[in-house]
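According to our numbering, the stretch in the sequence shown is residues 4 to 460, in order. Here is the structure we will look at, set down as structure tokens.
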Amino acid sequence: MGDVRWRWRWVGLGIAASKKGAALLEGMVHAGSTCLRRVAEGRRRSEVQFNRFLANPKVTVERLVEGWSAATGAAIGGRHVLAIQDTSEINFRTTRTRTRGLGEIGKGVGRGALLHAMVAVDAESQACLGLVAGEVWTRCGRVEVPHKKRPLEQKESRRWIKTAGAGKRVLESAATVTMVADREADLYALWALVPEPGIHVLGRIHHDRSLVGGGTLTTIARQWPLAGSQRMALRERPDRREREARLELRFGVVTIARPRDAGALELPAQVTLSLIELTEPDPPQGVEPITWRLLTTHTVANAAAAWHIVGWYRARWVIEQLFRLLKKQGLHLEDSQIETAERLLKLVAIAAHAAAITLQLLQARDGRSGEPASLVFTADELGTLNALQMQYAGTTLRQQNPHPWHSLAWAAWLVARLGGWDGYPSSRPPGPITLKIGIDKLRLLARGWGLRNVCMP
Ligand SMILES: [Mn+2]
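Next comes the structure, spelled out in structure tokens:
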């Protein structure tokens, strides 16, 4: 059997270079032809296939999460990568009698899944380089033992350390990795266990810890001289309006003493880190002043270095954008009608990957990314994009793809056209939904394009 398949493949290679395949594809994507309808039918068929895929017991959440980083590892060689982690709650609609097998989220107000993801971001350009590692789960029951009395392995917070470990393996070829996380990840174990040569940690403090030699994290900086001040644009958040703030900078070295929690006993008795404090001396009336205290293993040589590190922390915005795309702006994951928890968790893992790709294309669309198309697309998908480029080149001058060949921006332009965007520079730029439709169509076409080497009539 295997021999026969190989022979077909071999025969197929003979026509790989022929124009037949390309012509067929051109026909398929020709706007307005029945072929686009064939793509649409393909989408319906693939919906059935997709459901079968989710039902397959061999397709596990773990394997899907492992697949996230297939392209990321290759993209990060020699760079300084920000490995940004965060958790998002995906709220699925349930009722008392129809829980869909999902556990509680939030403060027990709804049911759903939890997605913990690490995304790789270039420290200089802040381009998203792809997903790295993570976890998807739903809670079962309530935990009765108080949080402080549980060893780390039994706490959900261990996901930060576990994901950091998985991230180290994927990001091995990076020149430097800075693991970035918000206040939730302010765990003594993380500060003690994750850093190593070439691996840094940067996060915001949550606990006011005691320092070796007296004082605490929130009070020590008062003794330090003012190192500089800058005006900074603050993005809108649920608890804050968009505004500009003048922030004052102080920084220094701190040595944190091991806390007296259970579970911390086998950790080193102290860790030495840099503390960067930003305060807002003159906030607008009635507005809570900004206080940010960042801890990092990076040494802070001067004020310029400190501001730079603050910029790396603010790149956390990329993962927040990813979660927004997943839930609200593009994929509407929370609207899914799938009924079982097991399949919903798999769906979350797949959708997270799709959201990362959509985000990469959005960044390329905005000129924020000088990355190559191979960061996101396989060889077959690139072959399909080449054929599409020929297809779309026939139209008016103003509709030409303006981007360098095989850049991610070039691919984003073609994917947007495939998703229904008209390509005129004066038109509204393509949004996440258009790009997602384009990606789905491209995948269907590329499947045919990849098969052209083996399928002979
Ligand atoms: Mn968070």
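Ideal Cβ placement from N, Cα and C applies to all residues, glycine included.
{"Query": "Any non-hydrogen atom of ligand 1 closer than 7 Å to Thr166 Cβ", "Result": "no"}
{"Query": "Near ligand 1: Glu92 beta-carbon under 7 Å from a heavy atom", "Result": "no"}
{"Query": "Rounded straight-line distance, which links the Cα of Thr294 to that of Ala414", "Result": "41 Å"}
{"Query": "Cβ shell of Leu334 (< 7 Å), same chain only, five flanking positions each side left out", "Result": "Leu328, Ala354, Ala357, Ala358, Lys439"}
{"Query": "Cβ shell of Gly105 (< 8 Å), same chain only, five flanking positions each side left out", "Result": "Just to set this straight, residue 105 is Leu in the shown sequence, not Gly. Hits under 8 Å: Phe95, Thr97, Arg114, Gly115, Ala116, Thr141, Ala344, Leu347."}
{"Query": "Near ligand 1: Glu245 beta-carbon under 7 Å from a heavy atom", "Result": "no"}
{"Query": "C-alpha gap between Gln392 and Arg431, whole angstroms", "Result": "21 Å"}
{"Query": "Nearest candidate by alpha-carbon position, reference Arg186, set Ala58, Asn59, Val204", "Result": "Val204"}
{"Query": "Within 8 Å, strictly: CB atoms of Arg296 and Arg234", "Result": "no"}
{"Query": "One or two residues paired with Trp295 in a DSSP bridge", "Result": "Leu281"}
{"Query": "Cβ distance (whole Å) where Thr166 is taken to contact His210 below 8 Å", "Result": "That pair is no contact at about 20 Å."}
{"Query": "Beta-bridge partners of Asp125, as assigned by DSSP", "Result": "Val84"}
{"Query": "beta-carbon Glu187 near ligand 1 non-hydrogen atom, thresh 7 Å", "Result": "yes"}
{"Query": "Rounded distance between the beta-carbons of Val197 and Thr258, thought under 8 Å", "Result": "Thr258 to Val197, Cβ: 17 Å. No contact."}
{"Query": "CA-to-CA distance, Ser232 to Ile279, given in whole angstroms", "Result": "13 Å"}
{"Query": "8 Å Cβ cutoff met for Leu365 and Ile93", "Result": "no"}
{"Query": "Option nearest Asp443 by Cα separation, candidates Leu417, Tyr427, Phe326", "Result": "Leu417"}
{"Query": "Simplified DSSP assignment, three categories, for Ser377", "Result": "helix"}
{"Query": "Residue environment, Asp383, which counts as buried when at least 16 other CB atoms sit within 10 Å", "Result": "buried"}
{"Query": "Euclidean distance between Cα positions of Leu378 and Glu251", "Result": "39 Å"}
{"Query": "Reference Tyr191, options Ala224, Ser91, Gly133, Thr299, closest by Cα", "Result": "Thr299"}
{"Query": "Sub-8 Å separation of Gly170 and Met121 beta-carbons", "Result": "yes"}
{"Query": "Cβ-heavy atom distance, Asp242 to ligand 3, below 7 Å", "Result": "Ligand 3 is absent from the structure shown, which contains only ligand 1."}
{"Query": "Host alpha helix (DSSP H) of Leu132 (start-end)", "Result": "It is not in any alpha helix (DSSP H) - Leu132 instead sits in the beta strand (DSSP E) that spans 131 to 140."}
{"Query": "Beta bridge counterpart(s) of Arg253 as assigned by DSSP", "Result": "Glu280"}
{"Query": "Asp89 CB to nearest heavy atom of ligand 1 below 7 Å", "Result": "yes"}
{"Query": "Cα-Cα separation, Pro428 to Ala130", "Result": "23 Å"}
{"Query": "Whether Ser339 touches His301 by CB criterion (8 Å)", "Result": "no"}
{"Query": "DSSP state of Thr275 mapped onto helix, strand, coil", "Result": "strand"}
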